[in-house]
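In terms of the working numbering, the sequence shown opens at residue 95 and continues consecutively.
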Amino acid sequence: MSTVQTNMADFIDTLAREISAKNLIFPSFPDITMRIRSALSDPNISASKVAKIVGTEPVLSAQLLRLANSAALCAGSRPVDDLPTAIKRLGYALVRNAAIALGIRQLAQDTHQSMMRVPLEKLWRHSIQVAALSYVLAKRLTRLNPDTAMLAGLLHDIGMFYILARANKYPDLFTDEAMLRNIPHQTHAQISPVILESWDVPEDIITAARDHASFNRIHYAPADLTDVVMVANILAKRGCPGPDGSFEWSTPPPAFGRLNLDATTCAAVMLKSEEEITLISQVFC
95 MSTVQTNMAD FIDTLAREIS AKNLIFPSFP DITMRIRSAL SDPNISASKV
145 AKIVGTEPVL SAQLLRLANS AALCAGSRPV DDLPTAIKRL GYALVRNAAI
195 ALGIRQLAQD THQSMMRVPL EKLWRHSIQV AALSYVLAKR LTRLNPDTAM
245 LAGLLHDIGM FYILARANKY PDLFTDEAML RNIPHQTHAQ ISPVILESWD
295 VPEDIITAAR DHASFNRIHY APADLTDVVM VANILAKRGC PGPDGSFEWS
345 TPPPAFGRLN LDATTCAAVM LKSEEEITLI SQVFC
């Protein structure tokens with residue numbers, strides 16, 4: 095076994111021990127993220143109180159004001175220039191998701207190892223796309239809460255963010271992006287639940303993060319959150335079927351069937367959802 099292979103095995107063993115001990119030393123989210131998440135756990139909190147917390151973070155404040163005044167939400171309405179009104183227009187769920195996105199975005203940017211910036215940026219962009227697709231799939235094809243689906247999509251690869259953050263500590267091992275492909279997917283899938291449990295994330299979101307790549311997963315109820323994130327993840331990577339035959343629809347995962355999603359439906363949903371997908375991307379960028 096080469097030195098690189100030995101070091102990679104040691105890195106994966108270290109991850110396995112951290113997972114087993116639930117000792118995941120993850121970079122801290124910005125204080126604003128955790129404060130908003132905590133505040134919104136109170137169902138009786140007022141928009142003005144939420145605005146006082148949001149107002150301490152200029153980037154998030156600007157994002158929410160811009161979004162509240164976007165064409166999609168402001169059509170026929172008077173533009174707003176204060177946070178309480180913007181928050182009322184957007185709803186607490188979207189404010190929460192934007193705050194969590196800000197935290198993940200900071201994790202993606204907080205690296206001093208240039209080699210990791212590219213995969214972190216790719217992972218961030220992919221997470222945004224899966225969040226947007228999860229939202230529109232849940233809204234148009236299920237009775238699931240679209241905002242919950244959006245959050246599940248945003249967090250589905252949180253374990254990979256952790257791996258990339260830890261890889262920053264091994265500059266001699268991860269000399270190029272290709273080395274990251276030697277890390278088993280199962281390792282990332284085991285990390286995500288441990289992180290999300292520590293954040294008190296609902297169980298169905300944790301399950302989606304753990305099982306979204308288990309394509310042969312079987313359950314007999316209507317489509318659930320894991321089905322939505324699984325399909326969104328596939329569509330984000332491959333898109334709807336096209337003339338190049340990039341996606342083989344003759345043998346899709348059962349999740350597609352539970353969503354009643356075929357090639358024609360896929361194209362129709364994407365066409366109808368272009369504006370919403372753009373809007374969600376604006377929230378997180």
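The beta carbon of each residue, even a glycine, is placed where N, CA and C say it ideally should be.
| Item | Value |
| --- | --- |
| Cβ distance (whole Å) where residue 198 is taken to contact residue 248 below 8 Å | 7 Å |
| Residue burial classification, residue 47 (beta-carbon count within 10 angstroms, cutoff 16) | Lying outside 95 to 379, the shown extent of the chain, residue 47 is not represented and no answer is given. |
| Pairwise C-alpha distance: residue 155 and residue 111 | 40 Å |
| Proximity below 7 Å, CB of residue 286 to CB of residue 304 | yes |
| The stretch 358-366 touching the stretch 210-219, judged by at least three CB pairs closer than 8 Å | no |
| Cβ contact (3+ pairs, closer than 8 Å) linking the stretch 145-165 and the stretch 213-228 | no |
| Reference residue 280, options 253, 240, 357 and 326, closest by Cα | 253 |
| Nearest-angstrom beta carbon gap, residue 180 and residue 374 [assumed within contact, 8 Å] | Incorrect: roughly 16 Å between the Cβ atoms, too far for contact. |
| Nearest neighbour of residue 332, chosen from 368, 138 and 227 [CA to CA] | 227 |
| Closest Cα partner of residue 108 within the set 264, 203 and 177 | 264 |
| Simplified DSSP state of residue 260, which is helix, strand or coil | helix |
| Ordered list of alpha helix (DSSP H) runs contained in the stretch 246-320, each at least 4 residues | 252-261, 279-292 and 297-305 |
| Residue 323 vs residue 302 beta-carbon contact at 7 Å | yes |
| For residue 234 and residue 339, the rounded distance between their alpha carbons | Because residue 339 sits at a pLDDT of 46, beneath the cut-off of 50, its placement in the model cannot be relied upon, and the following sentence gives the value as read from the coordinates. Distance between the alpha carbons of residue 339 and residue 234 is about 25 Å. |
| Helix, strand or coil at residue 173 according to DSSP, with G and I counted as helix | coil |
| Residue 172 versus residue 104: straight-line alpha-carbon distance, rounded | 59 Å |
| DSSP-derived helix/strand/coil call for residue 228 | helix |
| Own chain partners of residue 240 with C-beta closer than 7 Å, once the 5 adjacent residues on each side are dropped | 229, 232 and 233 |
| Straight-line gap, residue 127 to residue 144 (C-alpha atoms, nearest Å) | 12 Å |
| Spatial distance of residue 152 from residue 146 (CA atoms) | 12 Å |
| Secondary structure of residue 136, DSSP reduced to three states | coil |
| Backbone secondary structure at residue 242 - three-state DSSP | helix |
| Minimum C-alpha distance to residue 310 - residue among 346, 184, 185 and 245 | 346 |
| Sequence-distant residues of its chain with Cβ nearer than 7 Å to residue 184 (five each side left out) | 158, 161 and 162 |
| Bounding residues of the alpha helix (DSSP H) (the contiguous stretch that carries residue 348) | 348-352 |
| Candidates 278, 245 and 327: closest to residue 298 by CA position | 245 |
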